[in-house]
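For the sequence shown, our numbering gives the first residue as 219, with consecutive numbering after it.
Have a look at the structure below before the remarks.
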Amino acid sequence: MTFLADCPTRTGLDLVSGTWTLVVMHALRDTAKRPRALREEIGGISAKSLNETLRRRERNRLVRHVKIAEAPPRVDYHLTELGRGLLLALDPLAAWVAEHESELPT
219 MTFLADCPTR TGLDLVSGTW TLVVMHALRD TAKRPRALRE EIGGISAKSL NETLRRRERN
279 RLVRHVKIAE APPRVDYHLT ELGRGLLLAL DPLAAWVAEH ESELPT
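Below, the structure written as structure tokens:
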């Protein structure tokens, strides 16, 4: 099987690649959050890595930011419908990992 640049499998893997992508998306699964709240919830992610992950997923239309006009101004991030659909598609993978966790290398 050949995986061309425009192959759906490669496109799908590109959407979920990155150390923090799925962790960030899962943290946004139920509600919009500010970057600081995301960093506190996730733990171990630098501000730079979080910002890069959010920007990359915004370009992929999986995450969206909303500017809130307050004093001081704030930005909330949330999953788009496309992002929610991707997480739903990955639920079986998460179940498989949980089932085989003891067999998988860490």
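Idealized CB from N, CA, C, for every residue including glycine.
In this text, all values refer to a predicted model and were calculated from it rather than measured experimentally.
| field | Contact under 8 Å by Cβ, T298 with L272 | value | Numbered from 1 along the sequence shown, position 80 holds the residue referred to as residue 298. Numbered from 1 along the sequence shown, position 54 holds the residue referred to as residue 272. No. Outside cutoff.
| When burial is assigned at 16 or more other CB atoms within 10 Å of the CB, is V284 buried or exposed? | Here residue 284 refers to the residue found at position 66 of the sequence shown. V284 comes out exposed.
| message | At the level of alpha carbons, what is the spacing between A265 and V293? | response | As a first step, residue 265 is located in the sequence shown; it is residue number 47 there, counting from the start. As a first step, residue 293 is located in the sequence shown; it is residue number 75 there, counting from the start. Looking at the two C-alpha atoms, the distance is approximately 14 Å.
| message | Can you tell me whether D224 is helix, strand or coil according to DSSP? | response | For the purposes of this step, residue 224 is taken as the residue at position 6 of the sequence shown. Coil, per DSSP.
| I286 - DSSP class collapsed to helix/strand/coil | Within the sequence shown, numbered from 1, the residue matching residue 286 stands at position 68. I286 falls in the strand class under three-state DSSP.
| DSSP on D294, reduced to helix/strand/coil? | For the purposes of this step, residue 294 is identified with residue 76 of the sequence shown, where counting begins at 1. In this structure, D294 counts as strand in the three-state DSSP scheme.
| Length of the line joining the Cα atoms of R252 and E258 | Locating residue 252 in the sequence shown gives position 34, where the first residue counts as 1. Locating residue 258 in the sequence shown gives position 40, where the first residue counts as 1. Whole-angstrom Cα-Cα distance: 10 Å.
| query | Which residues in the same chain have their Cβ closer than 7 Å to the Cβ of E276, if we skip the five residues on either side of it in sequence? | reply | Numbered from its first residue, the sequence shown carries residue 276 at position 58. The answer, listed in chain order, is R282 and H283.
| said: Looking at the strands, I want to know which residues DSSP matches up with V281. | reply: Within the sequence shown, the letter at position 63 stands for residue 281. Looking at the DSSP assignment, V281 forms a beta bridge with L297.
| task | Mind checking which residues open and close the alpha helix (DSSP H) that includes L256? | result | If you number the sequence shown from 1, residue 256 lands on position 38. Note, L256: alpha helix (DSSP H), P253 to I260.
| query | In three-state terms, what does DSSP make of W314? | reply | On the sequence shown, residue 314 is found 96 positions in, with the first residue counted as 1. Helix at W314.
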